[in-house]
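Structure record follows, encoded as structure tokens.
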Ligand SMILES: [Zn+2]
């Protein structure tokens, strides 16, 4: 094994820790509570900005990815039928 391979592998691990694995359809639990009382948001779109829908009242917001990741307390991944246990 070349030395470069080990270095690359290390970088990959670091990135996986830093970048949250958030996908469309996931439920995010944020630190801040929406005025309606819900803390859970459904992910409608990911990219530079996240589009989130409040699970309590259906209100939709767009927030920058960084801000979203900072405010996320928990991510609930939706297992789609036929996808298996990941
Ligand atoms: Zn709400």
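Numbering (our numbering), first residue to last: 156 to 241.
By construction, the Cβ of each residue, glycine as well, lies at the ideal position given by its N, Cα and C atoms.
Delimiting residues of the beta strand (DSSP E) encompassing residue i
i, result
"residue 208", "204 to 209"
"residue 219", "215 to 219"
"residue 201", "Segment: none, residue 201 is in no beta strand (DSSP E) and carries neither H nor E."
"residue 184", "182 to 185"
Same chain, Cβ closer than 7 Å to residue i, five either side skipped, listed in chain order
i, result
"residue 209", "189, 191, 193 and 196"
"residue 170", "At residue 170 the pLDDT is 46, less than 50, meaning the model places this residue with poor confidence; the figure from the coordinates comes in the next sentence. So the list is empty, once near-sequence residues are dropped."
Exposed unless 16 or more other CB atoms sit within 10 angstroms - verdict on residue i
i, result
"residue 179", "exposed"
"residue 223", "buried"
Beta-carbon separation (whole angstroms), residue i vs residue j, contact threshold 8 Å
i, j, result
"residue 181", "residue 233", "6 Å"
"residue 226", "residue 187", "6 Å"
Cβ shell of residue i (< 8 Å), same chain only, five flanking positions each side left out
i, result
"residue 203", "219 and 220"
"residue 175", "224, 227 and 230"
"residue 201", "177, 178, 179 and 220"
The alpha helix (DSSP H) enclosing residue i, as first and last residue numbers
i, result
"residue 228", "Residue 228 -> not in any alpha helix (DSSP H); beta strand (DSSP E) instead, spanning 227 to 231."
6 Å CB neighbourhood of residue i in its chain, flanking five on each side removed
i, result
"residue 184", "194, 195, 228 and 229"
"residue 212", "191"
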